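Residue numbers (our numbering): 98 to 574.
Yeah, the Cβ is synthetic: ideal placement off N, Cα and C, and Gly gets one too.
Since the structure is predicted, the reported quantities are computational estimates derived from the model, not experimental observations.
Worksheet: one structure, shown below.
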């Protein structure tokens, strides 16, 4: 008999049912309590091991000093006034003041809503209401996931409209409102698929292994992160952009030659039709192994070729260091550890009751029976609340790591092109065109900043020039 079968269903009437629902003897109660503690202890140990491994990977792979060694004459200080005009600085500050309220308000409202749904009976009641006519648990999970993610998306819609209005006012968005709405629906569709699949797998494991479901959830979460990372370029990117091979010569040949010189196999140079939604400049290296390709925003093609090469050199730095693969490992370990931690939280009777879920199910139900406690589809809101809280808490750490990785890619571009003057002019162009925050405060850095600010990147380019005997780029003003 499987663990799930042993824990199946409510007690049957009659003598057997009476026997199962009688008051436990003291010895039986102690033995049952010990059986309930063992999986929690094992999950806690596994979470500690996985998070320790995660910390070790981050500590070893993060370039805490992207530009090691002494800098002749000392480090250059980031100073927007050296390279940006007063008008450019004022525009950056004005845009930051205009865009931040929508970002902070959306964050606060979104967190408040999901925590209110997950940590009170409201979420369980909502899921119970939308699945009231559905008996089969897989359909209840899917319907609950779709309904809850749609509710959260609708609640956040006013703040996204607010943000889009600011982007339009500053010339960063080129979409019409119908086109923008189509993109929102596409994004919601991707969210539906991801959450429905992930939650179906999670609840299947919880029902199959009521006491040790953290093992399957951790392994499944690890594999799911790896799978999504590999299929994203071919399954998700084409949903939002069209791509075609770059025909523009000699730029195409120069970029492929630079990748070959750098030892990074690249099969093609693609152009994404980003201009239909934005005026921002960007490029990236997508795919793995034989599918790796350089992708340029079509908005970038009007820039001087040497600036494009500097940007692509940065992206080749990510590919050279396998940053996507290491990032995938970090994400997979984080999700696996989070599933172990989720088990500890979702088997807490106090937390389940707070969320409106009866840990034991109806009277007479066997402890750990399928469909009760954490296996009850009405607990979806609690799951999403815990996942959201964990993601928000880990965000500042991931942003800190990302900023160091991006700085190392900048150094790679400088080593590859040996042209700090072009790098500085390129960073200036990116910052001005994208209206980047030139002097973010501490809270903005914690919550949003995955790349170093433009003035920091320019200052590091001057440090690189001093350390490599290359003429230091003069101030642009």
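Helix, strand or coil at residue i according to DSSP, with G and I counted as helix
i	result
residue 603	Summary: the structure shown does not reach residue 603, with the chain confined to residues 98 through 574, and so no result is reported for it.
residue 118	Annotation note: pLDDT 41 at residue 118 (below 50); position unreliable, no value reported.
residue 321	helix
residue 75	Not covered by the structure: residue 75. The range shown for the chain is 98 to 574.
residue 532	coil
residue 343	coil
residue 369	strand
residue 182	coil
residue 310	helix
residue 217	coil
residue 102	Low confidence applies here, because residue 102 scores a pLDDT of 42, under 50, leaving its location unreliable; read the following figure in that light. Three-state result, residue 102: helix.
residue 197	helix
residue 275	helix
Same chain only: Cβ atoms within 6 Å of residue i, ignoring 5 sequence neighbours per side
i	result
residue 453	218, 221
residue 192	267, 532
residue 493	543
residue 506	411, 414, 415
Which listed residue (the options) has its alpha carbon closest to that of residue i
i	options	result
residue 472	499, 310, 391, 545	310
residue 317	326, 332, 299	299
residue 416	202, 526, 569, 381	381
residue 238	290, 194, 142	290
residue 519	571, 233, 340	571
residue 408	166, 503, 280	503
residue 211	184, 479, 355, 134	479
residue 419	384, 216, 538	384
residue 549	496, 512, 509	496
residue 422	401, 328, 374, 469	328
residue 180	203, 552, 392, 372	552
residue 334	445, 314, 367	367
Close beta carbons around residue i, own chain, < 7 Å, minus the five adjacent residues each side
i	result
residue 151	427, 430, 431, 434
residue 259	199
residue 563	168, 169, 170, 569
residue 474	224, 228, 234, 237, 238, 241, 300
residue 448	442
Nearest-angstrom beta carbon gap, residue j and residue i [assumed within contact, 8 Å]
i	j	result
residue 573	residue 521	7 Å
residue 425	residue 390	The Cβ separation is near 18 Å, so there is no contact.
residue 231	residue 240	6 Å
residue 540	residue 177	Incorrect: roughly 19 Å between the Cβ atoms, too far for contact.
Neighbourhood of residue i by C-beta, 8 Å cutoff - its chain only, sequence neighbours within 5 removed
i	result
residue 206	252, 253, 256
residue 283	336, 337
residue 516	403, 407
residue 325	291
residue 293	238, 239, 242, 243
residue 558	507, 511, 517, 520, 521, 524, 570
residue 556	172, 173, 174, 175, 176
residue 616	No answer is possible for residue 616: the residues shown for the chain start at 98 and end at 574.
Bridge partners - residue i, DSSP secondary structure assignment
i	result
residue 247	According to DSSP, which records beta bridges pairwise, residue 247 is partnered with nothing at all.
residue 270	375
residue 328	Paired residues: none, contrary to the question.
residue 290	Paired residues: none, contrary to the question.
residue 382	391
The ligand MN heavy atom lying under 6 Å from the CB of residue i
i	result
residue 137	As presented, the structure is devoid of all ligands, the ligand MN included, so that no description of it is given.
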